[in-house]
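In this note's numbering, the protein residues as written are 22 to 312. In what follows, a structure is listed as structure tokens, so that the remarks can point back to it.
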């Protein structure tokens, strides 16, 4: 007689913690990246989040998922205090990681989204569980609550017909992600460690992964909707904003650290990307700090 069995499943997720915080009007958090997904929930005020490829503005009550190893910087807006909750988690299933990154990167979850009410309720339930000490039962409750968050995201993918990972897609995305990480690592070295910054060679970095330039272009256009060169430009300009926020920042020095041939070239790219010149951005920073 044939018997049906439940499958053997050997997978796990990790909760890297979370916190609720109220920050002042001039609060900003420098660019960083985590080996985990980050759930952001704004309770009061507004937050600007600048990632490697875009800028998000989260209103009170809205949520966003920042993907694994995505460089991002956060700022409070509106010259008033802001209250936010963030949660860091990861899971070891590559297909599920791929789907969460593919579908939620750059997406703000608003009341118009089908999953909004449930996800907001789950975030608030996690906030209610924050305390000074955690028993074993508390830790199990936290694990179940985070799994509930993940399942809400997964069910949303299923409901919209987007839960269909193919092995080839997962492998290709992993390779594309590795190339993006290589570009970030090389840019970090150039900006923060190199005595004489040199322009980065996308071709050299791609060759280091033993693939062709045309295949790298295909991967980036498929998963990041831009070329590797444009991705690098976006990284450089996001880094430029970070450097300009430092005390006594100088446009010429920032341009040199990013290995631009001339400050005028840096200014043109900055304006094209952010619709303002570096000088106008510095003026805006100064105005905001005095208000």
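Don't be surprised by glycine CBs; every beta carbon is placed ideally from N, CA and C.
Counted as a single uninterrupted DSSP element, the stretch harbouring residue 231 is not any beta strand (DSSP E), since DSSP gives it neither H nor E.
The beta carbon of residue 263 lies closer than 7 angstroms to those of 51, 52 and 94 in the same chain, with the five residues before and after it left out.
The bridge partners DSSP lists for residue 58 are 110.
For residue 167, DSSP assigns no beta-bridge partner whatsoever. The beta carbon of residue 37 sits closer than 6 angstroms to those of 57 and 109, all from its chain and outside the five residues before and after it, given in chain order.
Within the same chain, Cβ atoms closer than 7 angstroms to the Cβ of residue 292 are found at 298, the five residues on either side in sequence being excluded. The continuous beta strand (DSSP E) containing residue 96 extends over residues 93 to 97. Between residue 86 and residue 174, the C-beta spacing is below 9 angstroms. In this structure, the alpha-carbon of residue 241 lies about 31 angstroms from that of residue 167.
In the structure shown, residue 146 falls within a helical segment according to DSSP collapsed to helix, strand and coil. Taking all protein chains in view, the Cβ of residue 151 is surrounded by fewer than 16 other Cβ atoms within 10 Å, so the residue is classified as exposed. With a cutoff of 9 angstroms on beta-carbon distance, residue 137 and residue 194 are scored as not near each other. The beta carbon of residue 236 is closer than 7 angstroms to none in its chain, skipping five residues each way along the sequence.
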